[in-house]
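Peer 1:
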RNA sequence: GUGGGUGUGGCGGAAUGGUAGACGCACCGGACUUAAAAUCCGUUGGGACAUAGUCCUGUGGGGGUUCGAGUCCCCCCACCCGCACCA
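Residue numbers (our numbering): 18 to 875.
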């Protein structure tokens, strides 16, 4: 038995070794402003929250990005691939409360641990650019940006009804309220009036919407989600005068997208929080009771689903400006105060919900939209939504619904009863949080002078270290001295703002900071001009709206304030799927970790007790379900490359991947197989190409070069699983090609050399190890150019083509590539002669080097 | 409700309108071994028959376009995701 057959790849020794070599060679460091003429490529993965340990989702995310980074480097790009930490946020405070640790030490200890874990994965990151958002050097620059936004009119302070999370004791943005509950605590959100800072994202709503069209390398569905979130709609504000004013209110304004159906009006309904509803409640006990009932109604999805459409007739009437007729005013539980004007006009003809409401309360239903003028239906239980022609509507009658809208708006504007308006669902971004572990808002409140910017020479406003978490709420409020400052304008006693920024701000510009992370100003223009936009951003779909929309807004606001010159931060976006795993429960229904479970042909049992285990659904890895696999343990047992190879190989990266032990073992087997192959081929090294190469050797060379082409194409299109398959095939072909002629040995050597280069972006350590054995004279594979397929070798000399009769496969023939049609057809006809017997050929289809199809009839 | 996506062997998945099931996993059979591990080789969509072979059938269902459809078009079904009392 020779050495090559027993050789095993010792990843535990090799991986740290190659990581050190890369570090020594500075393979992955970039310059803020490079001088060369290589094209730039900025690869970024969404930076992690330093929770303490990396999880498989991180492994997948950063492996995907790393493949791109390494591949682009080999393709000759100057690559920026940085890493940092999204380090502010609640968990650090919770840890502080629970463990008496201070948030900063807790966070930095987690960072140190996770940095080590990421480094063991062999990601080609430029660690010289690392920062954490909780570094004063970072958040101080963020404070500068905020103050510039303020100067530019992009910041407002206003008393606003905010979403108050009673458990986390903080304000939440609309985006952070999910089904009426806090996105983190899950507590029912209350409405509360507070003075808050807002960023005027709504100023950018039209741009943010239009900009989506320029993001060609974004997933369609992310663009759609953002489009829906921004929620553009066009319609009209219509003023309905009250027949009798109530509490000084003389009219109700309604926003509608269907001014063309105003003649079909049946009622007007206002939200329970609407001023008219409140005015009525002053004197009407029934209304007061109804409003109270609405307020107690849940806003969860389930509650909305089942909630009855209910109304309360106020007895008031409004005048429809187009018809001149009077209609009743209702308070309705389904009308939302924070969309449009908080009031609607009901047109049962064209809206199912209005129809249901009208039927329930016996309100009139008149038909104003019909399929055609001659086909006016009677309305039963179903409303006639959709386009058509307007009927029974005075001057609008006969117009299509599309034509009637501008006509109705024109008339409303003419008579001064309304105007065309554009409405957005997007709200301004409330950024104040009553939290300690966040970026302090750099503002000083003076009774005499009002809120003032902290002067530049006092930045950064640093968080105090000596805080107590004994009381609920914001520790900054309880600090004895931190908030006591003097007013920068009058010098009098003043109070420092104790709110901190929403942590989404921290992640809204970090990609720009990475271009010049040590700059004395937030950005260095030469650096951001060179590197931005991010060419490829990689992260989870869960950030499709919040983070990506905020970052897009921030970039535009930074462009306006001169910090960057691009409008869109991320030219390409890739959203990867989750990492899932089977879940396990013991007989008592308790969740079990995968390592506690032994699986055999008879089923699953508990490793220690031997009791049966219930194998549950395949779900996203989560601590609560205990279906997690620790990357550290996997790297220890199989090595980083095996983990990387597995997450790439199993399925397309945009889909969820199921982590399986057998899959990992398969990946590990391939690592060893490839290593043995390389060791064996290195022993028969043939670098010089023989003059003539034919037969099997030529076939192998052709496959090698086809693999170059195929892997290149697969990596370009994020089809990493396909790239993996092609590498398996080539590896099999090399080890299958036996013989010791010079030409074959050369072909085998070339194949192994190429495979080392192609595999290196995915398994960088193994790539180095085998490349060092094959081509020790060339140094690191990380510094090698990407191989190019020889076009001559991509041309096959013989092809197997299908022969069909009436479109059904009846045989195959092997012919020289590019053979003349007559010869191919003759060979094909001979091959299927028995099928053709007794039939006459009507037509012969010949697609060169592809297929022959005979169309026959008896 | 609304917008989008997906549907291919036991499983994950391949497949510029041109031989469906590449590649991996699993399974089964074999080699090596005292044995195991490791490794290597081979079979495997379903079905029928005259079983070294031949034929039928097969990409959620139904139509259509085409010499030829997993792929294009229309209708339907199922599942997944996003948004949602949005006027």
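Virtual Cβ for every residue (Gly too), placed ideally from N, Cα, C.
What are the residues that DSSP puts in a beta bridge with residue 348?
Peer 2: In the DSSP output, where bridge partners are listed per residue, residue 348 has 287, 329.
Peer 1: Which word fits residue 350, buried or exposed, when buried means at least 16 other C-beta atoms lie within 10 angstroms of its C-beta?
Peer 2: Buried, because 16 or more other Cβ atoms sit within 10 Å of the Cβ of residue 350.
Peer 1: What whole-angstrom Cβ distance do residue 382 and residue 366 have, given they're in contact under 8 Å?
Peer 2: Contact holds; Cβ gap of about 7 Å.
Peer 1: Within 10 Å of its beta-carbon, does residue 463 have 16 or more other beta-carbons around it, so buried, or fewer, so exposed?
Peer 2: Under this definition residue 463 is a buried residue.
Peer 1: For residue 463, name the three-state secondary structure that DSSP assigns.
Peer 2: Correct three-state label for residue 463: strand.
Peer 1: If you draw a straight line from the C-alpha of residue 267 to the C-alpha of residue 293, how long is it?
Peer 2: The alpha-carbon atoms of residue 267 and residue 293 are separated by roughly 10 Å.
Peer 1: In this structure, how does DSSP classify residue 392 when only helix, strand and coil are distinguished?
Peer 2: Strand.
Peer 1: Just list the alpha helix (DSSP H) runs in the segment 523-561, keeping only unbroken ones of 4 residues or longer that don't cross its boundaries, in chain order.
Peer 2: If we require 4 residues or more, the alpha helix (DSSP H) runs fully inside the segment 523-561 come out as 527-530, 542-548.
Peer 1: Output the distance between the C-alpha atoms of residue 542 and residue 528, rounded to the nearest integer angstrom.
Peer 2: Each residue's alpha carbon lies about 14 Å from the other.
Peer 1: Following the continuous alpha helix (DSSP H) through residue 759, name the residue where it begins and the one where it ends.
Peer 2: Per DSSP, residue 759 belongs to the alpha helix (DSSP H) from 759-776.
Peer 1: Can you tell me where the alpha helix (DSSP H) with residue 649 in it begins and where it stops?
Peer 2: It spans 648-655 - the alpha helix (DSSP H) in which residue 649 sits, taken as one unbroken run.
Peer 1: To the nearest whole angstrom, what separates the beta carbons of residue 555 and residue 62, a pair I think is in contact under 8 Å?
Peer 2: Right, their Cβ atoms sit about 5 Å apart.
Peer 1: Quick one: give me the first and last residue of the alpha helix (DSSP H) that residue 745 is part of.
Peer 2: 737-753 is the span of the alpha helix (DSSP H), which, as asked, contains residue 745.
Peer 1: Measuring CB to CB, does residue 286 end up less than 9 Å from residue 386?
Peer 2: No, the Cβ-Cβ distance between residue 286 and residue 386 is not below 9 Å.
Peer 1: Give the C-beta separation of residue 491 and residue 515 to the nearest angstrom, bearing in mind that I take them to be a contact with Cβ-Cβ under 8 Å.
Peer 2: The pair is a contact, with the Cβ atoms about 6 Å apart (cut-off 8 Å).
Peer 1: For the segment 589-608 and the segment 628-637, state whether three or more C-beta atom pairs, one from each stretch, are separated by less than 8 Å.
Peer 2: Yes, since at least three Cβ pairs between the segment 589-608 and the segment 628-637 fall closer than 8 Å, the two stretches touch.
Peer 1: Assign residue 535 to buried or exposed, taking buried as 16 or more other Cβ atoms, counted over all protein chains shown, within 10 Å of its Cβ.
Peer 2: Exposed, because fewer than 16 other Cβ atoms sit within 10 Å of the Cβ of residue 535.
Peer 1: According to DSSP, simplified to helix, strand and coil, what is residue 127?
Peer 2: Three-state result, residue 127: helix.
Peer 1: Rounded to whole angstroms, what's the CA-CA distance from residue 215 to residue 257? Just pull it up for me.
Peer 2: Using only the alpha carbons, I get a separation of about 32 Å.
Peer 1: Quick one: residues in its chain with C-beta nearer than 7 Å to the C-beta of residue 719, no 5 flanking neighbours on either side, listed in chain order?
Peer 2: Counting only Cβ-Cβ distances below 7 Å, and skipping sequence neighbours, we find 810, 813.
Peer 1: Provide the residue(s) that pair with residue 187 in DSSP beta bridges, ordered along the chain.
Peer 2: Answer by DSSP bridge pairing, in chain order: 182.
Peer 1: Ignoring anything shorter than 3 residues or poking outside the segment 434-483, list the beta strand (DSSP E) runs there in chain order.
Peer 2: Listed in chain order, they are 435-441, 460-463, 467-470.
Peer 1: Give the secondary structure of residue 235 by DSSP, where H, G and I count as helix, E and B as strand, and everything else as coil.
Peer 2: DSSP places residue 235 in coil when its eight states are reduced to three.
Peer 1: Just verifying my parser: in three-state terms, what is the DSSP assignment at residue 30?
Peer 2: Helix at residue 30.
Peer 1: Suppose contacts are defined by Cβ-Cβ distances below 9 Å. Is residue 760 in contact with residue 799 by that definition?
Peer 2: The answer is no: Cβ separation not under 9 Å.
Peer 1: With the cut-off set at 9 Å, would you say residue 348 and residue 362 are in Cβ contact?
Peer 2: No, the pair does not count as a contact, with Cβ atoms beyond the cut-off.
Peer 1: Give a yes or no on contact between the segment 145-163 and the segment 501-516, applying the rule of three or more CB pairs nearer than 8 Å.
Peer 2: In short, these stretches do not touch, since the Cβ pair count stays below three.
Peer 1: When the Cβ atoms of the segment 180-189 are set against those of the segment 137-144, are three or more pairs found closer than 8 Å?
Peer 2: In short, these stretches do not touch, since the Cβ pair count stays below three.
Peer 1: Pull up the CB-CB distance for residue 699 and residue 783, whole angstroms please, since I reckon it's below 8 Å.
Peer 2: About 14 Å; that fails the 8 Å criterion.
Peer 1: Where does residue 870 sit, in a helix, a strand or coil, going by DSSP?
Peer 2: In the structure shown, residue 870 sits in a strand (DSSP, three-state: E or B).
Peer 1: Residue 319 to residue 778, Cα distance in whole Å?
Peer 2: Because the pLDDT at residue 319 is just 43, under 50, the model does not fix this residue reliably, and the value given afterwards should be weighed accordingly. About 47 Å.
Peer 1: Is it the case that the Cβ atoms of residue 658 and residue 37 are separated by a distance below 9 Å?
Peer 2: Taking 9 Å as the Cβ cut-off, residue 658 and residue 37 do not qualify as a contacting pair.
Peer 1: What residue range is occupied by the uninterrupted alpha helix (DSSP H) comprising residue 833?
Peer 2: Careful: residue 833 lies outside any alpha helix (DSSP H), inside the beta strand (DSSP E) at 825-833.
Peer 1: Checking 9 Å against the spacing of the C-beta atoms, do residue 553 and residue 671 come in under that value?
Peer 2: No; because the gap between Cβ atoms is not below 9 Å, this pair is not in contact.
Peer 1: Residue 864: buried (16+ other C-beta within 10 angstroms of its C-beta) or exposed?
Peer 2: Result: exposed.
Peer 1: State the DSSP-derived secondary structure class of residue 281, mapped to helix, strand or coil.
Peer 2: Here residue 281 sits in helix by DSSP.
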